[in-house]
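Numbering (UniProt numbering), first residue to last: 1 to 350.
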């Protein structure tokens with residue numbers, strides 16, 4: 001019972017983690033999981049099933065076939081480990097440590113040797129050999145295609161295909177089967193290229209658009225701060241200069257014993273109070289929270305965060321119902337504050 005409770009807790013944690021992701025993060029995760037699943041799908045459909053159906057029952061063939069499947073499974077695990085790093089390298093956010101390709105490359109060489117050995121001992125039928133050739137490079141090429149330019153990828157694939165066909169020919173594989181193996185390699189290399197590279201490219205474009213939107217929001221905040229500072233400078237700059245001049249004049253008049261110094265200080269007091277009122281007016285303009293405007297702004301914030309939002313009501317400005325005048329400021333403040341916390345907490349539908 002305790003184990004069942006722990007499993008249920010893990011499932012709920014995974015579900016909560018999924019719902020807390022944004023739409024773009026969900027698409028990104030779905031793409032990565034799909035690419036991680038491809039090697040395993042090919043391992044079963046083009047590796048395990050052909051081995052089970054066409055493998056010879058002799059001890060040598062069984063040993064080579066079992067070793068081929070085991071090494072291929074390890075290659076799939078390494079491919080899954082490298083997919084996320086390959087994505088980050090393709091986006092330019094994090095360089096891929098090329099030393100992580102040493103073991104997969106060595107395993108690819110081992111798999112090639114095992115496949116050639118199977119063909120040499122006649123341990124697998126012709127149709128099974130063609131399917132194993134299809135499965136052979138998949139796990140290695142899925143992350144590799146994201147690490148090098150397309151031209152380099154195609155050149156390396158061509159070199160590998162030539163080497164494999166030459167090895168199969170050297171162990172006596174007939175010409176028709178060699179042509180089928182070469183054609184299988186061309187198909188699988190192009191399949192990996194057209195399925196992996198466009199997926200990574202589309203995700204990269206979407207993340208760039210997301211980054212640009214975040215940058216635009218930060219620039220809007222910075223522009224608003226500059227505008228506020230400019231307004232404060234326009235309001236206070238002239239008045240403070242006048243206050244400084246009149247204060248100096250009042251000091252000089254007071255030193256001479258002139259009664260006009262009092263008039264100058266009265267004028268300074270008047271200007272200071274006027275400046276105080278002007279500052280309050282400027283700040284009030286920034287602090288006022290108009291409900292219709294704030295609701296429309298909240299809708300834009302939520303939609304920008306990927307949250308579906310609708311505003312209902314038709315008896316006020318922009319189709320928004322108007323509360324009592326005494327409640328409008330507090331309602332406006334609520335409409336201003338809540339979307340921010342909602343957008344940063346849990347994406348979904350509001």
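Every residue, glycine too, gets a C-beta built ideally from N, C-alpha and C.
>> Here's the rule: buried if 16 or more other CB atoms are within 10 angstroms of the residue's CB, otherwise exposed. What is residue 363?
In response: No answer is possible for residue 363: it lies beyond the span of the chain, which begins at 1 and ends at 350.
>> My output table needs one value for residue 86: the three-state DSSP class, helix, strand or coil.
In response: Look at residue 86 here: in three-state DSSP terms it is helix.
> How big is the Cα-Cα spacing for residue 42 and residue 133?
Replying inline: Their Cα atoms are separated by approximately 11 Å.
>> Measuring only the C-alpha atoms, how far is residue 265 from residue 278?
In response: Taking the straight line from one Cα to the other gives about 20 Å.
>> By DSSP's criteria, residue 124 is part of a beta bridge. Which residues make up the other side?
In response: Residue 124 is bridged to 55.
> Candidates 111, 187, 170 and 118: which alpha carbon is nearest residue 54's?
Replying inline: Measuring from the Cα of residue 54, the nearest candidate turns out to be 118.
>> Assuming residue 253 and residue 261 are in contact, meaning their beta carbons sit under 8 Å apart, how far apart are those beta carbons, in whole angstroms?
In response: Correct: roughly 4 Å between the Cβ atoms.
>> Can you give me the C-alpha to C-alpha distance between residue 64 and residue 212, rounded to a whole angstrom?
In response: Their backbone Cα atoms lie some 53 Å apart in a straight line.
>> So for residue 91, helix, strand or coil by DSSP?
In response: Three-state result, residue 91: helix.
>> If you reduce the DSSP assignment to three classes, tell me which class residue 315 lands in.
In response: At residue 315, the pLDDT of 46 sits below 50, so the modelled position is not reliable and the matter cannot be decided from this model.
> Helix or strand or just coil, what does DSSP make of residue 219?
Replying inline: Shown here, residue 219 sits in a helix according to DSSP, grouped into three states.
>> Restricting to Cα atoms, I'd like to know which of 143, 189 and 77 is closest to residue 155.
In response: If we check each option's Cα against that of residue 155, 189 comes out closest.
> Span of the alpha helix (DSSP H) holding residue 138?
Replying inline: Residues 138-144.
> Is residue 292 buried or exposed, if buried means 16 or more other CB atoms sit within 10 Å of its CB?
Replying inline: Sixteen is the threshold: when 16 or more other Cβ atoms of the shown chains lie within 10 Å of the Cβ of residue 292, as they do, the residue is buried.
> Who are the Cβ neighbours of residue 60 in its own chain at under 6 Å, not counting the five residues just before and after it?
Replying inline: Correct list, in chain order: 121.
>> Check whether the stretch 106-115 and the stretch 34-49 are in contact - that is, three or more C-beta pairs closer than 8 Å.
In response: Touching, no.
>> One question on the structure: do residue 103 and residue 144 come within less than 9 Å of each other, judged by their Cβ atoms?
In response: Contact: no.
>> Across the stretch 29-39 and the stretch 78-90, are there enough close Cβ pairs to call them in contact, namely three or more that are closer than 8 Å?
In response: With a cut-off of 8 Å, the stretch 78-90 and the stretch 29-39 count as touching, because enough Cβ pairs lie within range.
>> Buried or exposed for residue 95, going by 16 or more other Cβ atoms inside 10 Å?
In response: By the Cβ-count criterion, residue 95 is exposed, with fewer than 16 other Cβ atoms from all chains shown falling within 10 Å of its own Cβ.
>> Please classify residue 168 as buried or exposed, where buried requires at least 16 neighbouring CB atoms within 10 angstroms.
In response: Flag for residue 168 reads buried.
>> Going by DSSP in three states, residue 152 sits in which element: helix, strand or coil?
In response: It is helical.
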